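Peer 1: Keeping their order, the protein sequence lines are chains B and F. The end of the first sequence is residue 168 by the working numbering, with every number in the run present. The end of the second sequence is residue 168 by the working numbering, with every number in the run present.
2 protein chains.
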Amino acid sequence: MSTRALPYRPHNHDACVQQALASARAICQQHKARLTPTRERVLELIWQSHKPLGAYDVLAELTSEGHSAAPPTVYRALDFLQQYGLVHRIASLNAFTGCTYAGEQHTGMFLICRACGNVLELRGIEVSTAIHNAAGTEAFHPETITLEVSGLCPGCKTEAPHE
Amino acid sequence: MSTRALPYRPHNHDACVQQALASARAICQQHKARLTPTRERVLELIWQSHKPLGAYDVLAELTSEGHSAAPPTVYRALDFLQQYGLVHRIASLNAFTGCTYAGEQHTGMFLICRACGNVLELRGIEVSTAIHNAAGTEAFHPETITLEVSGLCPGCKTEAPHE
DNA sequence: CCTGCGAATGTTATAATGTTTCAAATATCG
DNA sequence: CGATATTTGAAACATTATAACATTCGCAGG
Ligand SMILES: [Zn+2]
Ligand SMILES: [Zn+2]
Ligand SMILES: [Zn+2]
Ligand SMILES: [Zn+2]
Numbered sequence: 006m007s008t009r010a011l012p013y014r015p016h017n018h019d020a021c022v023q024q025a026l027a028s029a030r031a032i033c034q035q036h037k038a039r040l041t042p043t044r045e046r047v048l049e050l051i052w053q054s055h056k057p058l059g060a061y062d063v064l065a066e067l068t069s070e071g072h073s074a075a076p077p078t079v080y081r082a083l084d085f086l087q088q089y090g091l092v093h094r095i096a097s098l099n100a101f102t103g104c105t106y107a108g109e110q111h112t113g114m115f116l117i118c119r120a121c122g123n124v125l126e127l128r129g130i131e132v133s134t135a136i137h138n139a140a141g142t143e144a145f146h147p148e149t150i151t152l153e154v155s156g157l158c159p160g161c162k163t164e165a166p167h168e
Numbered sequence: 006m007s008t009r010a011l012p013y014r015p016h017n018h019d020a021c022v023q024q025a026l027a028s029a030r031a032i033c034q035q036h037k038a039r040l041t042p043t044r045e046r047v048l049e050l051i052w053q054s055h056k057p058l059g060a061y062d063v064l065a066e067l068t069s070e071g072h073s074a075a076p077p078t079v080y081r082a083l084d085f086l087q088q089y090g091l092v093h094r095i096a097s098l099n100a101f102t103g104c105t106y107a108g109e110q111h112t113g114m115f116l117i118c119r120a121c122g123n124v125l126e127l128r129g130i131e132v133s134t135a136i137h138n139a140a141g142t143e144a145f146h147p148e149t150i151t152l153e154v155s156g157l158c159p160g161c162k163t164e165a166p167h168e
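(1) Verify whether the separation of the beta carbon atoms of residue 60(F) and residue 158(B) is less than 9 Å.
(2) I'd like to confirm the pairing. Which residues does DSSP put opposite residue 152(B) in its beta bridges?
(3) Can you list the residues of chain F that residue 129(B) reaches, using a CB-CB cut of under 7 Å?
(4) Taking only the alpha-carbon atoms, compute the straight-line gap between residue 103(F) and residue 146(F) and give it to the nearest angstrom.
(5) Quick check: is any heavy atom of ligand 2 less than 8 Å from the C-beta of residue 144(F)?
(6) Give me the Cα-Cα distance between residue 168(F) and residue 141(B), rounded to the nearest whole angstrom.
(7) Taking 8 Å as the line, does the beta carbon of residue 106(F) fall inside it for any heavy atom of ligand 3?
(8) Does at least one heavy atom of ligand 4 sit under 8 Å from the Cβ of residue 120(F)?
(9) Can you have a look at residue 6(F) and say buried or exposed, based on whether 16 or more other CB atoms are within 10 angstroms of its CB?
(10) Exposed or buried, what is residue 153(B) when buried is set at 16 or more other beta-carbons lying within 10 Å of its beta-carbon?
(11) Residues of chain F with a CB under 7 Å from the CB of residue 146(B): which are they?
(12) What in chain B is Cβ-close to residue 124(F), meaning under 8 Å?
(13) Counting only C-beta atoms, is residue 97(B) closer than 9 Å to chain F at any point?
(14) CA-CA distance, residue 138(B) and residue 36(F)?
(15) Say the cut is 8 Å; is the CB of residue 141(F) nearer than that to a heavy atom of ligand 2?
(16) Mind checking whether the beta-carbon of residue 126(F) lies closer than 8 Å to any heavy atom of ligand 3?
(17) Using three-state DSSP, classify residue 145(F) as helix, strand or coil.
(18) Under a CB-based cut-off of 9 Å, is residue 121(B) close to chain F?
(19) Note down, in chain order, each residue of its chain lying with its Cβ closer than 8 Å to the Cβ of residue 64(B), except the 5 sequence neighbours on either side.
(20) Residues of chain F with CB closer than 8 Å to the CB of residue 151(B), please, in chain order.
This is how it looks when you write it as structure tokens:
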């Protein structure tokens with residue numbers, strides 16, 4: 006269903022974005038949710054950037070396009086997109102990124118390069134299982150998992166191998 | 006070395022706190038780091054609460070004690086405490102909690118009850134291994150892992166089993 | 001076509017969280 | 001003591017997020 010974005014490697018990003026938008030439209034239709042122009046534009050802006058985008062980055066882009074927008078405009082769109090699993094919030098960055106596996110059941114695991122800022126989302130089924138097992142030993146009932154790994158991507162690691 | 010706090014169960018919390026402070030003093034001495042009165046008081050305040058404390062919560066407490074404090078006072082103390090592994094920042098809450106395993110090498114995994122607000126820190130070695138394995142398949146070099154699980158603790162789960 | 005209703009948006013203000021900057025005080029060591 | 005580095009005080013500022021209320025829009029029923 007979803008074409009997996011090649012991690013940290015060059016690819017036709019326009020096609021990438023267009024596919025994400027098409028997928029989003031389908032998902033919203035399924036749920037009878039309205040992917041309005043503002044919501045769709047916010048999703049597109051987020052997808053166009055490989056790096057997570059802050060809410061105010063999105064806002065700046067919208068206003069630069071002549072859209073009369075205020076913080077609530079963006080946050081409301083982001084809430085909607087999160088609700089339908091189209092974007093994820095990266096808590097450690099206060100930023101948002103497009104979901105690579107929209108429509109598929111998954112626990113998002115994010116590899117965040119501290120050098121280039123790119124983010125790769127993995128499904129991480131084994132990780133998810135291990136987390137649920139660990140929580141189970143404490144009789145804890147998990148609902149949402151925040152898993153963000155900061156470090157160096159392959160490219161940046163070879164560029165700057167010496168700390 | 007460290008006495009594991011009994012998860013979500015009653016215990017002598019004063020002793021809990023005193024032990025954490027003693028441990029912190031030892032760790033700082035080892036590293037020739039200065040656990041100044043303000044830093045120690047911030048650590049104590051954070052430990053006294055089982056729930057993660059926001060920076061401004063700490064600040065309010067300090068000022069209520071007559072301490073002339075401003076935001077940087079607290080953030081500097083928190084930076085110091087994080088640097089020496091004495092507290093963790095919970096990114097999904099914008100709050101801070103005392104480290105249960107200070108001085109021990111570990112990847113913090115936090116079980117956060119959305120009902121009562123209590124937080125339990127687990128070491129989660131299997132989880133850590135799974136994360137590193139997953140990152141390895143992408144040739145990613147992990148440095149810091151943010152792993153926060155929100156859900157219901159055993160107590161709150163039985164109280165409100167029906168969503 | 002109107003009309004009413006709920007969803008979505010516009011607008012303003014404000015809250016909550018975190019940082020920069022520079023000066024003053026304090027500890028540490030020779 | 002005097003030089004040096006660390007820590008703290010203080011004020012302003014920056015960033016991120018929400019509250020409150022008015023207005024508009026999409027759509028179904030009459
Ligand atoms: Zn996802
Ligand atoms: Zn990189
Ligand atoms: Zn810890
Ligand atoms: Zn609970």
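Even glycine gets a Cβ: it sits at the ideal position worked out from N, Cα and C. Quick caveat, the model's predicted, so the values are computed rather than measured.
Peer 2: The answer reads as follows:
(1) no
(2) 152(F)
(3) 139
(4) 27 Å
(5) In this structure, residue 144(F) has its CB at a distance of at least 8 Å from all heavy atoms of ligand 2.
(6) Confidence in residue 168(F) is poor, its pLDDT being 44 and thus under 50, which makes the residue's placement unreliable; the coordinate value appears in the next sentence. Rounded to whole angstroms, residue 168(F) to residue 141(B) spans 19 Å at the Cα level.
(7) yes
(8) yes
(9) Bear in mind that the predicted position of residue 6(F) carries a pLDDT of just 45, short of 50, making it unreliable; the figure below should be weighed with that in mind. Exposed is the call here.
(10) Result: buried.
(11) 156, 157, 162
(12) Below the 8 Å Cβ cutoff, chain B contributes no neighbours of residue 124(F), its closest Cβ being approximately 11 Å away.
(13) It does: the Cβ of residue 97(B) has a partner Cβ on chain F nearer than 9 Å.
(14) 36 Å
(15) no
(16) yes
(17) coil
(18) Taking Cβ atoms only, chain F never reaches closer than 9 Å to residue 121(B), which makes this a no.
(19) 74, 75, 76, 78, 79
(20) 96, 97, 151, 152, 153, 154, 155
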